[in-house]
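Colleague:
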Amino acid sequence: MSLSPAPAFSHHPSTARAYRCVCGAQVFFRNSACLQCGRALGFDPWLGQVLAIEPETETGLWHAAEAGGESRRYRRCDQSDSPSLCNWLVVDRPELGPAQAPCSCAACRLNRTIPDLRLSQNHEPWRKVELARRRLVSQLIGLGLPVEPRSPDGGNGGLAFDTLASMQGQPLVMTGHLMGVVTLNLAEADDAYRERIRTSMNEPYRTLLGHYRHEVGHYYWDRLVRFDQSLWDFRALFGDERQDYGAALQRHYQGVQFDWRQSHITSYACSHPWEDWAETWAHYLHMRDTLDTAVSFGLSPDRFDVDAAQYDTAVLQGGGAPGDPEGFLTMLNAWTRLTGVLNELSRSMGLQDFYPFELSQTVVRKLHFVHARVAPFERQG
Ligand SMILES: [Zn+2]
Ligand SMILES: [Zn+2]
Ligand SMILES: [Zn+2]
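Using numbering that gives the first Met the number 0, read the sequence shown as starting at 0 and increasing by one per residue.
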């Protein structure tokens with residue numbers, strides 16, 4: 000069998016990450032006004048764009064400042080005045096009537112429990128948490144993945160977020176996922192707290208966005224793998240998830256006994272096949288978003304003068320599911336080139352490596368398994 004090398008990288012970002020106001024100024028994902036011309040800005044998650052918007056005096060709605068013909072009409076998210084400073088837009092849907100029309104955006108609508116915002120000490124951490132969560136949700140939508148708010152009993156298979164601050168005398172809030180509900184301990188927004196835990200757990204990397212990508216991975220395992228025919232391939236690659244979860248975690252915290260780098264992306268991924276999936280899923284989202292950002296700003300990893308590991312289809316042998324191997328390998332090869340250069344840039348500044356991970360062949364196959372689950376959702380073009 001002949002091996003086909005991956006084609007050159009010409010990547011259309013699934014989530015654009017560079018934006019411009021109609022006045023020409025660069026604007027950013029979190030901005031709600033242009034610093035150059037003063038126009039209001041809002042993020043339309045379905046277009047994946049930060050738009051300059053203009054108010055309509057009669058209706059109280061907004062529309063894009065430079066839109067032709069049938070432009071969408073928007074409301075600003077009702078959390079735009081909250082400490083989270085949400086800048087997302089809600090598409091106006093007059094057919095729903097005033098009682099049904101959503102007031103919160105596609106990201107804020109997923110919040111089930113939020114911290115007590117009467118306490119001013121919660122404002123800054125909440126703003127950080129929400130910025131990370133909006134980044135997550137924008138990527139999920141960009142990839143075309145299902146993102147619906149969870150019904151109260153969870154029967155619709157939707158997603159919800161609880162963000163909780165630990166209270167004195169109460170059990171510690173555990174970051175995790177259960178039946179469509181992702182819980183985050185608000186303390187994770189505190190850099191000193193998070194760094195202390197990272198060091199004590201010997202982790203190379205710990206961020207709010209990483210937490211969200213990991214936890215939402217558990218949710219998508221339930222949706223994309225659990226009842227899917229790919230479950231057999233999953234077990235062949237990641238192991239049998241029916242093994243006792245509690246016992247597996249307990250064993251993990253007693254110490255990892257083998258060289259996990261040969262088969263897992265992080266040491267935590269060895270604890271249980273579910274955690275392996277969630278770590279690999281999070282890693283895949285890191286790769287996609289970072290490459291989308293690089294390409295959005297005009298970087299072409301193909302043109303970098305760097306010797307980085309390059310893969311052809313041989314690496315996927317025994318990797319189970321088919322699923323767009325060429326697209327995956329093209330992305331992967333661009334990724335190794337990009338991170339090769341980014342690590343050198345970090346070293347030039349005396350910083351820790353930007354990308355402190357190694358990709359073994361087994362990890363590459365696991366990433367391809369994730370890619371094969373996500374690819375069918377991606378929008379065409
Ligand atoms: Zn402007
Ligand atoms: Zn919002
Ligand atoms: Zn987990």
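Beta carbons: idealized from backbone N, C-alpha and C, even for Gly.
Predicted model, so just to flag it, every value in this text is computed and none were measured.
#1: From the DSSP secondary-structure annotation, give me the bridge partner or partners of residue 72.
#2: Whole angstroms is fine: what's the gap from residue 223's alpha carbon to residue 372's?
#3: Taking the alpha helix (DSSP H) that residue 246 belongs to, which residues open and close that run?
#4: Considering only the beta carbon of each residue, do residue 128 and residue 104 sit closer than 8 Å?
#5: Would you mind stating whether residue 366 and residue 265 have Cβ atoms separated by less than 8 Å?
#6: Is residue 265 helix, strand or coil by DSSP?
#7: State the beta-bridge partners of residue 32 as determined by DSSP.
#8: Closest to residue 162 by CA distance: which of 196, 112, 308 is it?
#9: DSSP state of residue 327, grouped into three classes?
#10: Using a threshold of 7 Å, is the CB atom of residue 274 nearer than that to any non-hydrogen atom of ligand 3?
#11: Could you please give the first and the last residue of the uninterrupted beta strand (DSSP E) stretch that includes residue 208?
#12: My assumption, with CB atoms under 8 Å, is that residue 141 sits in contact with residue 345. Please give the rounded CB distance.
#13: Considering only C-alpha positions, which residue in the set 343, 360, 358, 359 is nearest to residue 352?
#14: Considering only heavy atoms of ligand 3, does any lie closer than 7 Å to the CB of residue 277?
#15: Say the cut is 7 Å; is the CB of residue 138 nearer than that to a heavy atom of ligand 2?
#16: Which same chain residues end up closer than 6 Å to residue 282 when comparing Cβ atoms and leaving out the 5 residues on each side of it in sequence?
#17: In the structure shown, what three-state DSSP assignment does residue 0 receive?
#18: According to DSSP, what are the bridge partners of residue 110?
#19: Per DSSP, what are the beta-bridge partners of residue 175 in this structure?
#20: With the cut-off set at 8 Å, would you say residue 186 and residue 165 are in Cβ contact?
#21: Indicate whether residue 24 and residue 31 have their beta-carbon atoms separated by less than 8 Å.
#22: Which stretch, first to last residue, makes up the alpha helix (DSSP H) that contains residue 272?
#23: Going by C-alpha to C-alpha distance, which of 8, 42, 11, 10 sits closest to residue 19?
#24: Which residues does DSSP pair with residue 418 in a beta bridge?
#25: In the segment 301-371, which residue ranges form an unbroken alpha helix (DSSP H) of at least 4 residues, counting only runs that do not cross its ends?
#26: I need the DSSP call for residue 380, collapsed to helix, strand or coil.
#27: If you draw a straight line from the C-alpha of residue 259 to the C-alpha of residue 210, how long is it?
#28: Can residue 29 be considered in contact with ligand 1, in the sense that its beta carbon sits closer than 7 Å to one or more heavy atoms?
#29: Would DSSP call residue 130 helix, strand or coil?
#30: Just checking, does the segment 204-221 make contact with the segment 168-187 on the three C-beta pairs under 8 Å criterion?
#31: Going by alpha carbons, who is nearest to residue 109 out of 58, 180, 267?
#32: Tell me, please, whether the CB atom of residue 139 is closer than 8 Å to any CB atom in chain C?
#33: Among the residues of its own chain, which have a CB less than 6 Å from the CB of residue 286, if the five just before and after it don't count?
#34: Tell me whether residue 213 counts as near ligand 3, meaning its Cβ is closer than 7 Å to at least one heavy atom of that ligand.
Modeller: Result, derived from the coordinates:
#1: If you number the sequence shown from 1, residue 72 lands on position 73. Answer is 62, bridged to residue 72.
#2: For the purposes of this step, residue 223 is identified with residue 224 of the sequence shown, where counting begins at 1. For the purposes of this step, residue 372 is identified with residue 373 of the sequence shown, where counting begins at 1. About 7 Å.
#3: Sequence index remark: in the sequence shown, residue 246 carries index 247 (1-based). 244-252 is the extent of the alpha helix (DSSP H) around residue 246.
#4: Walking along the sequence shown from the start, residue 128 turns up at place 129. Walking along the sequence shown from the start, residue 104 turns up at place 105. Cβ atoms of residue 128 and residue 104: not closer than 8 Å.
#5: Here residue 366 refers to the residue found at position 367 of the sequence shown. Here residue 265 refers to the residue found at position 266 of the sequence shown. Result no, Cβ atoms of residue 366 and residue 265 do not sit closer than 8 Å.
#6: The count along the sequence shown starts at 1 and reaches residue 265 at position 266. Coil, per DSSP.
#7: Walking along the sequence shown from the start, residue 32 turns up at place 33. 39.
#8: In the sequence shown, the residue the question calls residue 162 occupies position 163. Measuring from the Cα of residue 162, the nearest candidate turns out to be 112.
#9: For this step, residue 327 is matched to residue 328 along the sequence shown. Of the three classes helix, strand and coil, the one that applies to residue 327 here is helix, per DSSP.
#10: Walking along the sequence shown from the start, residue 274 turns up at place 275. At least one heavy atom of ligand 3 is nearer than 7 Å to the Cβ of residue 274, so yes.
#11: Stepping through the sequence shown from its first residue, residue 208 is reached at position 209. Counting along the chain, residue 208 falls outside any beta strand (DSSP E), though it belongs to the alpha helix (DSSP H) covering 207-223.
#12: Taking the first residue of the sequence shown as position 1, residue 141 is located at position 142. Taking the first residue of the sequence shown as position 1, residue 345 is located at position 346. Their Cβ separation, rounded to whole angstroms, is 27 Å, which puts residue 141 and residue 345 out of contact at 8 Å.
#13: What you label residue 352 is simply residue 353 of the sequence shown in a count that begins at 1. Closest by alpha carbon: 343.
#14: On the sequence shown, residue 277 is found 278 positions in, with the first residue counted as 1. Yes.
#15: Counting from 1 along the sequence shown, the entry for residue 138 is found at position 139. Because no heavy atom of ligand 2 lies under 7 Å away, the Cβ of residue 138 does not count as near it: no.
#16: Start at 1 with the first residue of the sequence shown, and residue 282 comes out as number 283. Excluding sequence neighbours, residue 282 sits near 264.
#17: The sequence position of residue 0 within the sequence shown is 1, counting from 1. Note that residue 0 scores a pLDDT of 45, beneath 50, so its modelled location is shaky; the value from the coordinates is reported in the next line. Of the three classes helix, strand and coil, the one that applies to residue 0 here is coil, per DSSP.
#18: Within the sequence shown, the letter at position 111 stands for residue 110. Partner(s): 160.
#19: In the sequence shown, counting from the first residue as 1, residue 175 sits at position 176. Paired residue(s): 182.
#20: Within the sequence shown, numbered from 1, the residue matching residue 186 stands at position 187. Within the sequence shown, numbered from 1, the residue matching residue 165 stands at position 166. Yes.
#21: Taking the first residue of the sequence shown as position 1, residue 24 is located at position 25. Taking the first residue of the sequence shown as position 1, residue 31 is located at position 32. Their beta carbons are not under 8 Å apart, which means residue 24 does not touch residue 31 by this criterion.
#22: Position 273 of the sequence shown, counted from the start, is the residue given in the question as residue 272. Taken as a continuous stretch (DSSP letters only), the alpha helix (DSSP H) holding residue 272 covers 272-295.
#23: The sequence position of residue 19 within the sequence shown is 20, counting from 1. With distances taken between Cα atoms, residue 19 lies closest to 42.
#24: What the structure shows of the chain is the stretch from 0 to 380, and residue 418 is not part of that stretch, so it cannot be assessed.
#25: 324-347
#26: Walking along the sequence shown from the start, residue 380 turns up at place 381. In this prediction, residue 380 scores a pLDDT of 42, lower than 50, which makes its location untrustworthy; no coordinate-derived value is stated.
#27: The residue you call residue 259 lines up with position 260 of the sequence shown. The residue you call residue 210 lines up with position 211 of the sequence shown. Computed Cα separation, rounded: 21 Å.
#28: Counted from its first residue, the sequence shown places residue 29 at position 30. Result no, Cβ not under 7 Å from ligand 1.
#29: Indexing the sequence shown from 1 puts residue 130 at position 131. Residue 130: helix per DSSP, three-state reduction.
#30: yes
#31: Residue 109 sits at position 110 when you count from the first residue of the sequence shown. When only C-alpha atoms are compared, the closest one is 180.
#32: Within the model displayed, chain C is absent; a lone protein chain is all it includes.
#33: For the purposes of this step, residue 286 is taken as the residue at position 287 of the sequence shown. Counting only Cβ-Cβ distances below 6 Å, and skipping sequence neighbours, we find 334.
#34: Stepping through the sequence shown from its first residue, residue 213 is reached at position 214. Correct: residue 213 has its Cβ closer than 7 Å to ligand 3.
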